[in-house]
Structure formats: structure tokens, C-alpha cells
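Visitor:
4 protein chains.
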Amino acid sequence: MTFPKHLLDGYQNFANGRLPEQRELARELAEKGQKPETMVIACCDSRAAPETIFCADPGEMFVVRNVANLIPPYSPDGEFHSTSAALEFAVQSLRVKHIVVMGHGRCGGIAAALTPDMEPLSPGDFIGKWVSLLAPAAEAVGANAYMTGAERQTALERISIRNSIENLKTFPCVNILHGKGKLTLHGAWFDISTGELWTMNDTGDFKREDNPQAE
Amino acid sequence: MTFPKHLLDGYQNFANGRLPEQRELARELAEKGQKPETMVIACCDSRAAPETIFCADPGEMFVVRNVANLIPPYSPDGEFHSTSAALEFAVQSLRVKHIVVMGHGRCGGIAAALTPDMEPLSPGDFIGKWVSLLAPAAEAVGANAYMTGAERQTALERISIRNSIENLKTFPCVNILHGKGKLTLHGAWFDISTGELWTMNDTGDFKREDNPQAE
Amino acid sequence: MTFPKHLLDGYQNFANGRLPEQRELARELAEKGQKPETMVIACCDSRAAPETIFCADPGEMFVVRNVANLIPPYSPDGEFHSTSAALEFAVQSLRVKHIVVMGHGRCGGIAAALTPDMEPLSPGDFIGKWVSLLAPAAEAVGANAYMTGAERQTALERISIRNSIENLKTFPCVNILHGKGKLTLHGAWFDISTGELWTMNDTGDFKREDNPQAE
Amino acid sequence: MTFPKHLLDGYQNFANGRLPEQRELARELAEKGQKPETMVIACCDSRAAPETIFCADPGEMFVVRNVANLIPPYSPDGEFHSTSAALEFAVQSLRVKHIVVMGHGRCGGIAAALTPDMEPLSPGDFIGKWVSLLAPAAEAVGANAYMTGAERQTALERISIRNSIENLKTFPCVNILHGKGKLTLHGAWFDISTGELWTMNDTGDFKREDNPQAE
Numbered sequence: 003m004t005f006p007k008h009l010l011d012g013y014q015n016f017a018n019g020r021l022p023e024q025r026e027l028a029r030e031l032a033e034k035g036q037k038p039e040t041m042v043i044a045c046c047d048s049r050a051a052p053e054t055i056f057c058a059d060p061g062e063m064f065v066v067r068n069v070a071n072l073i074p075p076y077s078p079d080g081e082f083h084s085t086s087a088a089l090e091f092a093v094q095s096l097r098v099k100h101i102v103v104m105g106h107g108r109c110g111g112i113a114a115a116l117t118p119d120m121e122p123l124s125p126g127d128f129i130g131k132w133v134s135l136l137a138p139a140a141e142a143v144g145a146n147a148y149m150t151g152a153e154r155q156t157a158l159e160r161i162s163i164r165n166s167i168e169n170l171k172t173f174p175c176v177n178i179l180h181g182k183g184k185l186t187l188h189g190a191w192f193d194i195s196t197g198e199l200w201t202m203n204d205t206g207d208f209k210r211e212d213n214p215q216a217e
Numbered sequence: 003m004t005f006p007k008h009l010l011d012g013y014q015n016f017a018n019g020r021l022p023e024q025r026e027l028a029r030e031l032a033e034k035g036q037k038p039e040t041m042v043i044a045c046c047d048s049r050a051a052p053e054t055i056f057c058a059d060p061g062e063m064f065v066v067r068n069v070a071n072l073i074p075p076y077s078p079d080g081e082f083h084s085t086s087a088a089l090e091f092a093v094q095s096l097r098v099k100h101i102v103v104m105g106h107g108r109c110g111g112i113a114a115a116l117t118p119d120m121e122p123l124s125p126g127d128f129i130g131k132w133v134s135l136l137a138p139a140a141e142a143v144g145a146n147a148y149m150t151g152a153e154r155q156t157a158l159e160r161i162s163i164r165n166s167i168e169n170l171k172t173f174p175c176v177n178i179l180h181g182k183g184k185l186t187l188h189g190a191w192f193d194i195s196t197g198e199l200w201t202m203n204d205t206g207d208f209k210r211e212d213n214p215q216a217e
Numbered sequence: 003m004t005f006p007k008h009l010l011d012g013y014q015n016f017a018n019g020r021l022p023e024q025r026e027l028a029r030e031l032a033e034k035g036q037k038p039e040t041m042v043i044a045c046c047d048s049r050a051a052p053e054t055i056f057c058a059d060p061g062e063m064f065v066v067r068n069v070a071n072l073i074p075p076y077s078p079d080g081e082f083h084s085t086s087a088a089l090e091f092a093v094q095s096l097r098v099k100h101i102v103v104m105g106h107g108r109c110g111g112i113a114a115a116l117t118p119d120m121e122p123l124s125p126g127d128f129i130g131k132w133v134s135l136l137a138p139a140a141e142a143v144g145a146n147a148y149m150t151g152a153e154r155q156t157a158l159e160r161i162s163i164r165n166s167i168e169n170l171k172t173f174p175c176v177n178i179l180h181g182k183g184k185l186t187l188h189g190a191w192f193d194i195s196t197g198e199l200w201t202m203n204d205t206g207d208f209k210r211e212d213n214p215q216a217e
Numbered sequence: 003m004t005f006p007k008h009l010l011d012g013y014q015n016f017a018n019g020r021l022p023e024q025r026e027l028a029r030e031l032a033e034k035g036q037k038p039e040t041m042v043i044a045c046c047d048s049r050a051a052p053e054t055i056f057c058a059d060p061g062e063m064f065v066v067r068n069v070a071n072l073i074p075p076y077s078p079d080g081e082f083h084s085t086s087a088a089l090e091f092a093v094q095s096l097r098v099k100h101i102v103v104m105g106h107g108r109c110g111g112i113a114a115a116l117t118p119d120m121e122p123l124s125p126g127d128f129i130g131k132w133v134s135l136l137a138p139a140a141e142a143v144g145a146n147a148y149m150t151g152a153e154r155q156t157a158l159e160r161i162s163i164r165n166s167i168e169n170l171k172t173f174p175c176v177n178i179l180h181g182k183g184k185l186t187l188h189g190a191w192f193d194i195s196t197g198e199l200w201t202m203n204d205t206g207d208f209k210r211e212d213n214p215q216a217e
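Protein chains in written order, with this note's numbering: chain H, 3 to 217; chain B, 3 to 217; chain S, 3 to 217; chain V, 3 to 217.
1. Where do the ends of the alpha helix (DSSP H) carrying S/Val143 lie?
2. Quick check: is the beta carbon of B/Glu217 nearer than 8 Å to any beta carbon in chain H?
3. My understanding is that S/Leu158 touches S/Leu135, with C-beta atoms under 8 Å, so please give their C-beta distance in whole angstroms.
4. Given that V/Tyr13 touches chain S, what residues does it touch there, using C-beta distances under 8 Å?
5. How is the alpha helix (DSSP H) around S/Phe173 delimited, first residue to last?
6. Using a C-beta to C-beta distance shorter than 9 Å, which residues of chain B count as neighbours of H/Lys182?
7. Using a Cβ-Cβ cut-off of less than 9 Å, list which residues of the segment 87–100 of chain H approach chain B; keep chain order.
8. Considering just the uninterrupted stretch of the beta strand (DSSP E) at V/Leu199, what are its terminal residues?
9. Using a Cβ-Cβ cutoff of less than 8 Å, which residues in the same chain neighbour H/Phe173 once the five nearest sequence positions on both sides are dropped?
10. Along the chain, where does the beta strand (DSSP E) that runs through H/Phe192 open and close?
11. Is S/Val103 near S/Gly197, with beta carbons less than 8 Å apart?
12. Is the CB of H/Glu62 under 8 Å away from at least one CB in chain S?
13. Would you kindly work out how many angstroms separate the C-alpha atoms of S/Trp200 and B/Lys171, rounded to a whole number?
14. Helix, strand or coil for H/Gly12 per DSSP?
15. Which residue comes first and which comes last in the beta strand (DSSP E) that contains H/Lys99?
16. On the DSSP letters alone, give me the boundaries of the beta strand (DSSP E) that B/Ile1 sits inside.
17. Once the 5 residues before and after V/Leu179 are set aside, which same chain residues still bring their CB inside 7 Å of it?
18. Contact check, H/Ser162 vs H/Ala70 under 8 Å by CB: the rounded distance?
19. Can you check whether the CB of S/His83 is closer than 8 Å to the CB of S/Thr45?
20. Please classify B/Glu217 as buried or exposed, where buried requires at least 16 other C-beta atoms within 10 Å of its C-beta.
21. Anyone know if the C-beta pair for S/Thr156 and H/Gly206 falls short of 8 Å?
22. Less than 8 Å between the beta carbons of B/Glu62 and H/Ser48, yes or no?
23. I need the DSSP call for V/Gly151, collapsed to helix, strand or coil.
24. Would you kindly check if the distance between the Cβ of V/Leu21 and the Cβ of V/Ile101 is under 8 Å?
25. Just curious, the beta strand (DSSP E) that V/Phe64 is in, first and last residue?
26. Quick check: is the beta carbon of S/Glu153 nearer than 8 Å to any beta carbon in chain H?
27. To the nearest angstrom, report how far apart V/Ala115 and H/Glu141 are at their CA atoms.
28. Quick one: what's got a C-beta closer than 8 Å to H/Arg210's C-beta in the same chain, skipping five residues either side?
29. Spatial neighbours of H/Asn203 within its chain, please: CB distance less than 8 Å, with the 5 preceding and 5 following residues excluded, ordered by chain position.
30. By DSSP's criteria, H/Met104 is part of a beta bridge. Which residues make up the other side?
31. Mind checking who V/Phe208 pairs with in its DSSP beta bridge?
32. Is V/Pro78 close to chain S, meaning its C-beta is less than 8 Å from at least one C-beta of that chain?
33. Check whether the Cβ atoms of B/Trp132 and B/Arg160 lie closer than 8 Å to each other.
34. Might you give, ordered along the chain, the residues of its own chain that have their beta carbon closer than 7 Å to the beta carbon of V/Ser39, omitting 5 neighbours on each side?
35. Look at the alpha carbon of S/Asp127 and the alpha carbon of B/Phe64, and state the distance between them as a whole number of angstroms.
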């Protein structure tokens, strides 16, 4: 069981390049603890890493990554809820000031939500169950035969971001701090093809960052 | 609701720096789809981002991040299991060749597992429930009064990595492919203070990468 | 009844500027007749003039402009059909090689189609009747409560362009020449806010011209 | 289906030239909406574009273009009337202050009106039907064997402009606002060969703008 070489090579690049430059920072973050101001919920997709997109340094962002960057609704039922646990930790213990839900183009999880009749990937059908969190919206979008497949995909990617932000507000700790202005919630959508970042405004619409007036 | 400036500044650095260099790569990954060879389960901790530690490019690694980088045991009970969904997708759809469970030093989730009497962070006590996946091991480690607090912390961090790797094997899709040699499972532990990477060998022990004989 | 001064001033600018430069061209086009290669169907909107957007010279494009740049389906019923008449003239008499249906952002006609219960602008309700050409698609788009108003607007603007292109093919003269490869049909969508042009590809999706990979 | 290159080249000229100069104007017109003071009914002819002739900026004129710049009589019969719809929108919604009917020399639609026995361009004979709106006047002009073909052409072009202005007044919304002095109606005729503009006065006669006494 040899550790993958490509990862060891990558680690060497880090050890020779970035690490020496940030040695003091790393030591300080270890001794004093992390105090990231931002929590990001992003997708597992290999093309949508928030640290890359935002050029983040160690200590900057507390990152949860799951399929299709979903926040489930608040459900204190005693079950295992990893995303809820991360949220609770970020809000109550780390006291982050910003939560960003970041979706992206060509998301496989969103595509799965739009294909509910797809054969389960395994008998457990974990993906099918997980993306069913989006079932009502996926059904509404999927019913529109006038839109192209790509248009429905992008539509649901953005609806999902708004939906996750609404689900964030179902968590009492988020709702209270948000109401007091101590916590702000944001949406972003990353175009993996062009590297463009779109951010959400007050109407729930997304605008490209290098050109905020784009439709 | 203005998008956080520090994130927009970071994005500008990406847009001006790394993006132009990798424009062709991004376009190709978008058109052909992602084919990462590696899945990494890492912690949400802002000091332990796998893309940073392994200098990963877009398309290289499919990354799940949850508190304490835990893989729960296979549990096809129809509930929402985000980490299991990501695993199912990586193994069955993306057909990754490697899964790396990467833990790190000073992990807040591991610390929480070692403090079961800690006040819940919120009435939902999601963290408490989540880290109870480690309860048996945490109890055994916590009972050892001869080890220092830091030694118990590091011990459980490493036990947890081995535990997650065992839980990976409870997933039939992982077990089958692992048995055929098409999928290898790896453990790693990152020292956030020094930037050192320790990898797991066949005995379950961790060795530092730049000096494999160090204890 | 004095001719509006702002128009006379504009005409003077033309007479002193562009006209002297294109005097030969104008004379030749008058004597030999127009032979535009392109027909454009655009909206009446004051912010979406095709000659401006494409920097067209006299003789380049035969332009029909109506509310929401709609092509109605082929309907040889002996009624007055101005858009059909223009199409017939362009295809059969001028023998254009390209037909471009150009829509735009924030189209009032599309907004009217999405507000079927709106009070008629006059007892004749000409607009209501005209945009009812889009009723099925408008209803499908309007039913999606998950999309924002702006998202539905843009969705229908693009659906309408595809719909008009399909209606073009219901005209036998278009269908025959298109089938022979002597006439190509194109879609474009102009962002009046940013001046960006999006063109339609074979899947019916729209891509921004300065960045063809944008979603 | 590649978008025509000559149009993309023209768009690049616009994007590099006029657009940067008018970026603020475009943004403002998009955000606040269009408020053109003038509606122009012009011909589809590629040599008679009103924005070119009047050097119009975005937001200045709401433009309808059909064959022979005809306004049909008010006909609230529940049929599809695109020119009437545009008129209704301009007058009732945009509240334009001026309507200009602009004809031009060598108009193919007028020529068609003067050739009623011409073979239909297609079985639908849309042009034949459309220009029959001018049938009475075309018949009277056509009967005059003493005028040359070109004189009859110019005569009908100008008769048609006056006829369209009379048809504008058959629309109650136009008639009411015109009667109150809130809306003025104008005629213009553009000589495509020389670039000269002729405007209509109270007697219905047309005078050249740079030399009002010319016949």
C-alpha cells in the first residue's frame, strides 16, 4: 500500500514552495487556533475548490464539501448529520461572520437531481436520496420542455443555492445571528469552464463579477 | 448583502493569476467532464485544505470535507447520508483509483469526541452526535490518564483515520473494487503546525514523509 | 407641425459625417438595387437596434422590427401579415443567405407575455394578442416559482428565439432553401445592459461571443 | 451552424468602438427602462435604417420596420397585428411624443403595390396582400400614363406616407392624445440615392431639409 506518488509529488511542491513562505502563519494558527471569518459550502467536484477560486490562505475559510453543495433543512432528529454538524461548529464555536453557499456549472449532483429515474449507483442509492433534497424544484425545472438541457441544469444549480440559503435560516443558531446582523449569508456560482464567478444579489439573481450588469 | 470583499479580492488574484495559465485545462475539464483519480476525505478545518497541501490542479481530486474527516459505517437505511453519497459517486460513477482519508493535528472534532460531557453547541447537538461515531475509541483513549492531553489528541486522530478506512470497507462497492486491486485506500495525517505530512503504512502506523524513520 | 428638432439635428450629423463618406455606396445601392445577404428580425426596443450592434452599412441587412422580435407560424389565410410579408420578400425576392432572429434582455414584449392577466393597453389589446403567440411557453416558464423573475424573463427571451426559428421553418420557401443549404437560420440575444452578444449554437444554447464557453 | 462572420466582425467593431463610449448610458437605460420620445415606422429596406439616418443613440427611438413602412387602419378584430401592437405599446406604455412615418425612394414594397398582376412570391402571397392596403391609391397612380415610372413610384411613396398618417388617427389612443396636443404625427421621405431627407409639412407636401424650397 504505497501512498500515491502524484500526491507525494504535489506535497513536495507544497513543502518546497508555499510552506516555507507561510511557516510563521502555520505555527501561529496552530498555537492560537483557527479563527476563519468565512464558512464555505462547496461541491466535492474536482474543478470547484474554493481555496483555489478565492486564493485562500490557511486559516481563512472553514470548508464543507458535499455533493452539490447542499444544506439540508434543520432536522434535530438524533441522526448523523455531517453538514449540520459542520454548520453548528462553524456558527456556534468558530463564530464565523459569513457563510457562502457556492455552486458551480455542470454539477453532477444537480444533473442527478434532474434524472430521478436514473439507475441507482449502488443498492444503497445514497446519491438518489441525497439529491432528493431538491426534488420539488428539480421536478418544476424538469417539467419545462421549452428550455434546453443546459438551461435547466444552470437554472437548478442556482435555485439550489437559493434553496440552501433558505435552509440555513431554518437553523435557529443561524437565524438568530443573521437576524442580529452578526452573520451574513451569500450565494455564489462558479463557471468551471471559464473560471467566471457569479455572485447572488438581494433578488436572488446571479451577476458575473467582472461585469455585474450581465443578465 | 454585499459579497465579502476579501473573497472578491481573492477571486481577482485567481482571475489574474492562475486562471489565465489554466484556461485550456478548465475548458477541457468542462467539456470532457472530470476524471479525478483520487478521492480525499479531509476535515473542514481552515488549516488543512487538501488542494493546498498537495498542490492540486483542477480535475485532480474529488474532495469531501466534514468535521474530523469521518467516514461513517455503511448504513443503507434511506436517510440522508452526505458522506456516503459522495463516496458512492466517487467510486461508482467517477471510478476513482485511490481514496485518501486525511486527518490533521489539533482537530476540533477529535477534541470534541474526547470531551463527551461538553455542553452541546446547540439544542440539535449535531456535533455531539456526529463525533459519537468515534465513541468507543474515544472512551478507550480518554481513559488513559498516563498520556498527556496532546498525546491522547494525536492518538485519537490517528485511530480515527484507521477507523474510517475500516468503515470504507463496509461499503460493498468499495470492498469489491478494493478486493480486485482496482481501488486502494490510504491514510494521511497533516501536522498543521509544521506542514509535515505523515502517511500510513500497512501496519497502520504513520511515518513522516521527509524522514520515514521518525517517531 | 414642425419636424422634431432632435431628429433634424441627428440628420445633420449624418449628412455631415457618414453620408459624405458613403456617397458612392449610396448611389450604387440605389442604382443597382439592394442585395443584402442577411435578414434580421429584431425588437422595436430603442436599445436593441441591429445596425448599431453589428455596425452595419447601408445595403447590409434587411431588417424587420416588431415587438419581441417574433416570427408567427406560417398562416396563409389571406389576412394582413406584415412579418410574413417581409420574410417572403427577403427570401424569395432578395434571396438572403442568412436569417437572424435577435432577441434582447429586458424585453417589454416578453415581460408582457409573462403577465397575461395584465390590463390591456387599449381596448384593441393588440399587444396581448400579439404576445399570445408565446402563450404555451410563457405559461410553462411562468409556472416555475423557483426561478426569479429575471431568470424567467431571460429564459423566455431565449425560448422565444428558438420558437421563432422553428416558426421560420414552417414557411415552405424557408424550409426548402434551408434544406438545400442555401439559407441558414441563426439566433442571437443581446444584453442591453452590458452590450454583450450571445449567439445560439446547434443545441439551442446561447454562448457569449467574447467568451464562447460561458454558461 | 456558425454565426455569420460578417456579423461577428461588425459586432467586434461595436464592442471595441461605440460600446465603451456608451457603457454608462447602456447601463442606465437597462436599469431605468427605455423612455424614447419618438416612434419611427420605417421600411425594412437595407438602405433606409432610421438609426443611421438620424444618428440615433440607444434609447432615442422605438422603431417598427415593415415592408413599405405601412400603418394599417385600426382593426380590433382579435387577429395578430404586429404593427398595431407596436403602436399600442409605444403610445400607451412608452408614451412617446412623436410618431414619424418614414418612407424612402425606390421602395420595393411600393413597386409591388404598383404591380398588382405580379406573380406572387410564394403561394401565401403575403406581400401581395400586405401592399393591397394601398390598392385604391396605387390604382389611381398606376392609371396615370403621363407620369414616368419613377414619378409614379415617388408619388405613391409619398401618398402612402400621408395614408399611413391618416391610418394612425384611426387608432383611438392616437386620436385622443393627438387631439390634446400630447402626440404629434410626422412624415418623412429619405432619398436613398443622395442621402437627402424630405419632411412633410401641414399641406402634406414634402420639402428637402437642406433646401426647403426645392421641388
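All C-beta atoms in this analysis are idealised placements derived from N, C-alpha and C, irrespective of residue type, glycine included.
Here the structure is a predicted model, which is why all the values come from computation and not from measurement.
Guide: In terms of the structure at hand:
1. Ala137 to Gly144
2. Reliability of the predicted coordinates at B/Glu217 is poor, the pLDDT of 47 falling under 50, and the value obtained from them is presented with this limitation in mind. Chain H, which has no Cβ nearer than 8 Å to the Cβ of B/Glu217, makes this no.
3. In fact, because the Cβ distance is near 12 Å, the residues do not count as touching under 8 Å.
4. Ile55, Phe56, Cys57, Leu199 and Glu211
5. Counting along the chain, S/Phe173 falls outside any alpha helix (DSSP H), and DSSP gives it neither H nor E.
6. What H/Lys182 touches in chain B: nothing, since even the nearest Cβ is about 15 Å away.
7. Ala87, Ala88, Leu89, Glu90, Phe91, Ala92, Val93, Gln94, Ser95, Leu96, Lys99 and His100
8. Glu198 to Met202
9. Tyr76, Ser86, Leu89, Glu90 and Val93
10. Thr186 to Asp193
11. no
12. No, no contact with chain S.
13. 49 Å
14. helix
15. Per DSSP, H/Lys99 lies in no beta strand (DSSP E) and is assigned neither H nor E.
16. Residue 1 of chain B lies beyond the range of chain B shown here (3 to 217); nothing can be said about it.
17. Residues of the same chain with a CB within less than 7 Å of the CB of V/Leu179, apart from the 5 flanking positions on each side, are Val93 and Leu185 in chain order.
18. Between H/Ala70 and H/Ser162 the Cβ distance is about 7 Å, and since that is below 8 Å, they are a contact.
19. Note that residue 45 of chain S is Cys in the sequence shown here, rather than Thr. Their beta carbons are not under 8 Å apart, which means S/Cys45 does not touch S/His83 by this criterion.
20. With a pLDDT of only 47 at B/Glu217, under 50, the local geometry of the prediction cannot be trusted, and the value read off the model is given with reservation. When all chains shown are included, B/Glu217 counts as exposed.
21. Their beta carbons are not under 8 Å apart, which means S/Thr156 does not touch H/Gly206 by this criterion.
22. yes
23. helix
24. no
25. Met63 to Asn68
26. So, interface residue.
27. 54 Å
28. Glu198, Leu199, Trp200 and Ala216
29. Lys209
30. H/Ala190
31. V/Met202
32. yes
33. At a Cβ-Cβ threshold of 8 Å, B/Trp132 and B/Arg160 do not count as neighbours.
34. Here the sequence assigns Glu to residue 39 of chain V, which means Ser is not the residue at that position. Counting only Cβ-Cβ distances below 7 Å, and skipping sequence neighbours, we find Val98, Lys99 and His100.
35. 56 Å
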